[in-house]
Amino acid sequence: MRYSKMLIPTLKETPAEAETISHQLLLRAGMIRKLTAGIYDYLPLALRVIRKVEKIVREEMNQAGAQEVLLPAVQPAELWKESGRWEIYGKELLRFQDRHDRDYCFGPTHEEVITDLVRRDVHSYRQLPLNLYQIQTKFRDEIRPRFGLIRGREFIMKDGYSFDLDEAGADQTYTAMYQAYSRIFQRCGLRFKIVEADTGPIGGSFSHEFMVLADTGEDTLISCRQCPYAANLEKAETLPPLTAAAEEPPQPLIKVHTPNVRTINEVAAFLQVKPAQLIKTLIYDTERGVVAVLIRGDHEVNEVKLKNFLKVNDLTLASEPLIRKVTGAEVGFAGPLGLNLPIYADHALQPLANLAAGANEDHHHYLGVNLDRDAKVSHYADLRQITQGDRCPRCGAELEFLKGIEVGHVFKLGHKYARALKATYLDANGQEQYMFMGCYGIGVSRIVAAAIEQNHDDQGIIFPMSLAPFQVLLIPIAINDELTIKKAEHLYQEMLDAGLEVLFDDRDERPGVKFKDGDLLGIPLRVVVGPRTLAQHQAEVRHRQSQEIQMVPLADLLAHLQASIAQERDVPNHPHQ
RNA sequence: CGGGACGUAGCGCAGCCUGGUUAGCGCGCCUGCCUUGGGAGCAGGAGGUCGGCGGUUCAAAUCCGCCCGUCCCGACCA
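Shown next as structure tokens:
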């Protein structure tokens, strides 16, 4: 491709709207433009990278036994009502009507559609297992789109769905997908980590997320320094406390006047106790009623765990009037004593004695609270966020906290959708059985952003060979020198004939401009020819990542480039951790 | 949706507080000359509903109100 013919509108200055590095560089390199919040145009260079990602995804999915399909983006409400998700998916689901006022949505995911397809055309155990995937544009009306391609509302996703006879078969498929995903992200040159994850609104029994490690990542994950345990922060389990029972003898309950002392820090300072000796009492409103949640003063509630534990969809901290109504006191003085609500406590509180807590009375707290003596705790459970001091829930070793960008997610769904949409088959005995499903997502457009987050320097993008829009950038110096341009044209043709993906910078620009643009675009290999190098029958080859420069005889140039490309193409920049 | 910031040429910004010629600057873009190994130089030029609507005023980019849009921080997710 000739640079002069290609739409590559690079920018010298960083647009003010871009905060993260991948967003800035994608804009500056002329790869994307924003149409409206969370919705982007992909320009030619970006599309080439996306096609590279897609190719890797297709090769690995096909290799793993999956088949590609293409499902509609617009979906009828009926299917979503049948699965029950029309009600529970929330505002993220973009809904609209057609001219007959029938309800539709733009697909954020395709469990309903694929299950509908399969239930209509698959009826026998002989047709299973079946593993179908597609690469398609999704729309999720995110509350807050941000970071360019990392969290768009419209984005390109690979979504796959498997249908197995039973759980044993589904486990095999899950493993195959897990391995295919590992290979995909390795081939994309990403440094990633696989973590246990919550299943969220997709549902199902368990899942793993593939996290690209990057400081700008939105997710926090924890990883054991000793054993293989790794989990998303919201999923990470906490160990029950080691001390079996209270060591100190229970003190009598004392009510203390605590004027205008509301927050944990204020109460701790006022009562001269540590935050860890306080009980934080939070009132939550759910679709199944109001509950109280107790947590140690220095801990935070993990609302995902709480949702799962309570088996609720809606979970919000109670409003001020509601708190007053159920506790009889202003916000800041709630406590477990005499509270007429179901009370759930984090297991870290169980062995603790002589704590401080709100008195459910304005400006008063209790000292000497012993939960088993003074309150009615319905259940103790793991309800809190893991923190820096926690140990690995598997082996007890030290944990590491990391930031990551989720690029892939595999779920074991079980019978959830098969049951809701009646996807059944007849087994060998003529018995009707539900299909056992799994689903598998990859953020294709997000991978492009994640790759840039991990591979850049102060001059621009450093694409791994496997994703680069071009393998080679050919720059002739002194464009008006007839011999140079003639030789460069000749080299360009040779490279094309040899099947190299080459961008020929034939613009009438000064060398500095071409070098700056070249570094910004991140093409792995740069070949420069000019009067000086040609006089020695050589070309200069520069490696974008290492910045190493080699002078290569023109006669060896093609072979040299092909060797470099072959060496790097399927080898990640960094080994998988 | 809660909190914060912003909206002036394709991009980055100044002007606004204290209203008043033709709304500026840098980059980019067009033409010509010149230059050609890290975003050159000179000369000429194009490009603006100052986010929108309404109000105050003799006069509004500037003051007031409403609306729209964008970004950042939190609750959601490939």
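The working numbering applies: residue 12 is where the first sequence begins, and numbers increase by one. Heads up, the beta-carbon is just placed ideally off N, CA and C, and yes, glycines get one too. Computed from a predicted structure; not experimentally measured.
- Residue state for residue 161 is assigned as helix, using DSSP reduced to three classes.
- Here residue 376 is bridged, per DSSP, to 267 and 369.
- The stretch 289–301 and the stretch 390–409 do not touch, with fewer than three beta-carbon pairs separated by less than 8 Å.
- Taking C-beta atoms as the reference points, residue 49 and residue 165 count as a pair closer than 8 Å.
- For residue 308, no alpha helix (DSSP H) encloses it, and the DSSP letter there is neither H nor E.
- Selection 37, 33, 81 and 55 evaluated against residue 147 yields 81 as nearest (Cα-Cα).
- Here residue 423 is buried. Its C-beta has 16 or more other C-beta atoms within 10 Å.
- The Cβ atoms of residue 472 and residue 531 sit closer than 8 Å to each other.
- Between the alpha carbons of residue 372 and residue 105 lies a gap of roughly 45 Å.
- If you draw a straight line from the Cα of residue 174 to the Cα of residue 369, it comes to about 52 Å.
- Rounded to the nearest angstrom, the Cβ distance from residue 64 to residue 416 is 14 Å, too far for a contact under 8 Å.
- The beta carbon of residue 568 sits closer than 6 Å to those of 550, all from its chain and outside the five residues before and after it, given in chain order.
- Put simply, of 477, 243 and 237 the residue whose alpha carbon is nearest the alpha carbon of residue 220 is 243.
- Taken atom to atom, the span from the alpha-carbon of residue 301 to that of residue 388 is near 15 Å.
- Pairing residue 386 with residue 352 gives a Cβ-Cβ distance that is not under 8 Å.
- CA-CA distance, residue 191 to residue 321, rounds to 35 Å.
- Secondary structure note for residue 87: its beta strand (DSSP E) is the uninterrupted segment 85–87.
- Per DSSP, residue 464 is not a residue of any beta strand (DSSP E); the alpha helix (DSSP H) it occupies stretches across 455–465.
- Under DSSP, no beta-bridge partner is assigned to residue 526.
- If you compare the alpha carbons of 271, 117 and 150 with that of residue 456, the shortest gap goes to 150.
- Residue range 493–508 is occupied by the alpha helix (DSSP H) that includes residue 503.
- Across the structure, residue 487 and residue 113 are spaced so that their CA atoms are roughly 59 Å apart.
- It is roughly 12 Å from the alpha-carbon of residue 391 to the alpha-carbon of residue 303.
- By the CB criterion at 8 Å, residue 273 and residue 337 fall outside the cutoff.
- As far as DSSP is concerned, residue 57 takes part in no beta bridge.
- Within the same chain, 487 and 490 come within 7 Å of residue 496 by CB-CB distance, once the 5 residues on both sides are set aside.
- For residue 113, no beta strand (DSSP E) run applies, since DSSP gives it neither H nor E.
- A distance of 8 Å or more separates the beta carbons of residue 32 and residue 477.
- In the DSSP assignment, residue 448 forms a beta bridge with 174 and 425.
- Remark: three or more beta-carbon pairs, one from each stretch, lie closer than 8 Å, so the stretch 180–188 and the stretch 442–454 are flagged as touching.
- DSSP links residue 222 through a beta bridge to 204 and 417.
- Straight-line measurement puts the Cα of residue 144 at about 39 Å from the Cα of residue 558.
- Residue 515 and residue 12 do touch by the CB rule: their CB atoms are close to 7 Å apart, below 8 Å.
- In this structure residue 356 is in contact with residue 305, their Cβ atoms being roughly 4 Å apart against a cut-off of 8 Å.
- Collapsing the DSSP output to three states places residue 63 in a helix.
- Restricting attention to 122, 91 and 30, the CA atom closest to the CA of residue 157 is found in 30.
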